[in-house]
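Report on the following structure.
Numbering (this note's numbering), first residue to last: 5 to 315.
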């Protein structure tokens, strides 16, 4: 059981709240500064990019979340006294094959969908490839993006989900809360200002998808692989002047941002199909219990683990 892995740390509910409250305070401050800024966000970002360049801006934008990866792992290991393995998975060791499969599957699907849209709507894109800047971006993105996305997984689907599950003694509360918070975290993204708050359906829906992956598979591996592939393809293949990731990507989207039904297709169509694929591959059963069932008491969980260790 993944949520019960939190029992393996030195429990103290305040230890769960410090990281998420600190991160939330940073997000709220960023959002307030964004909406109250006398300078348009697009203009401000453009001015920064003009001064330091896209690759340096990429590091500036992603850097705090990369730092967060090391902070959350350090907090869990040093303060909470929990192993990184038990924060990651209910298995005896991290299943890298799961991470690679989810990364390859979603990375391939995303790349195909992006290239298909470029072919079907060539007027919406310009070829943006510059060999040297792209090579620098590629190296930085391959190293930094998985750390950024893994931070979000360890924060929301890892540390917070385990803490909320232990507190609520069920699985549905942490699924709902972490999914909504994950979506709200993106409220300050530039695309929200351009497209509107309707895009929050996509962000919150993605949070639910990743939460379901975690609870059904009893570990973060599939969510980590999926999330890394999603952001890496976004950073390398297509950029736009109105998105959080503005990079030296291969193509640039020059279309006018609009909130259309294509925003909801991943949540309503693609994610359910992916869940079906994962469920068939990994033999998921008992969906209701895994998503809404009770969390085992600490004494029972530790007793079972002791018995298994002696078998």
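Even for Gly, the Cβ is constructed at its ideal location relative to N, Cα and C.
- Query: Along the chain, which unbroken stretches of the beta strand (DSSP E) at least 3 residues long are found entirely within the region 170 to 245?
  - Reply: 242 to 244
- Item | As assigned by DSSP and simplified to three states, the class of residue 257 | strand
- Task: Assign residue 130 to one of three DSSP states: helix, strand, or coil.
- Result: strand
- Is DSSP giving residue 93 helix, strand or coil here? strand
- Query: What is the rounded straight-line gap between the Cα of residue 63 and the Cα of residue 303?
  - Reply: 45 angstroms
- Task: Check whether the Cβ atoms of residue 129 and residue 47 lie closer than 8 angstroms to each other.
- Result: no
- Item | Proximity below 8 angstroms, CB of residue 134 to CB of residue 87 | no
- Can you check whether the CB of residue 211 is closer than 8 angstroms to the CB of residue 184? yes
- Query: Counting only runs that start and end within the region 270 to 311, where is the alpha helix (DSSP H) found for 4 or more residues in a row?
  - Reply: 275 to 286 and 291 to 296
- Message: Are the CB atoms of residue 207 and residue 3 within a distance shorter than 8 angstroms?
- Response: The chain is shown only over 5 to 315; residue 3 falls outside these bounds and no answer can be derived.
- Message: Measuring straight from C-alpha to C-alpha, what distance separates residue 53 and residue 101?
- Response: 38 angstroms
- Cα-Cα separation, residue 1 to residue 95: Residue 1 is absent from the model: the chain starts at 5 and stops at 315.
- Quick one: is residue 165 buried, meaning 16 or more other Cβ sit within 10 Å of its Cβ, or exposed? buried
- Just how far apart, CA to CA, sit residue 199 and residue 65? 20 angstroms
- Would you report the Cα separation of residue 29 and residue 9, rounded to the nearest angstrom? 27 angstroms
- Using the beta-carbon count (16 or more within 10 Å), is residue 187 buried or exposed? buried
- Task: Give the C-beta separation of residue 71 and residue 241 to the nearest angstrom, bearing in mind that I take them to be a contact with Cβ-Cβ under 8 angstroms.
- Result: 26 angstroms between Cβ atoms; not a contact.
- Assigned secondary structure, residue 115 (DSSP; H/G/I helix, E/B strand, else coil): helix
- Task: Indicate the three-state DSSP secondary structure (helix, strand or coil) for residue 248 in the structure shown.
- Result: coil
- Task: Check whether the region 140 to 160 touches the region 243 to 256, taking contact to mean three or more Cβ pairs, one atom from each stretch, closer than 8 angstroms.
- Result: yes
- Query: With contact counted as at least three CB pairs below 8 angstroms, one residue from each stretch, are the region 153 to 162 and the region 226 to 239 in contact?
  - Reply: yes
- Verify whether the separation of the beta carbon atoms of residue 195 and residue 246 is less than 8 angstroms. yes
- residue 5 by DSSP, collapsed to three states: which one? coil
- Query: From 308, 243 and 73, pick the residue whose C-alpha is nearest to that of residue 149; which is it?
  - Reply: 73
- Alpha-carbon to alpha-carbon, residue 227 and residue 216: 9 angstroms
- Task: Decide if residue 301 is buried, meaning its Cβ has at least 16 other Cβ atoms within 10 Å, or exposed.
- Result: exposed
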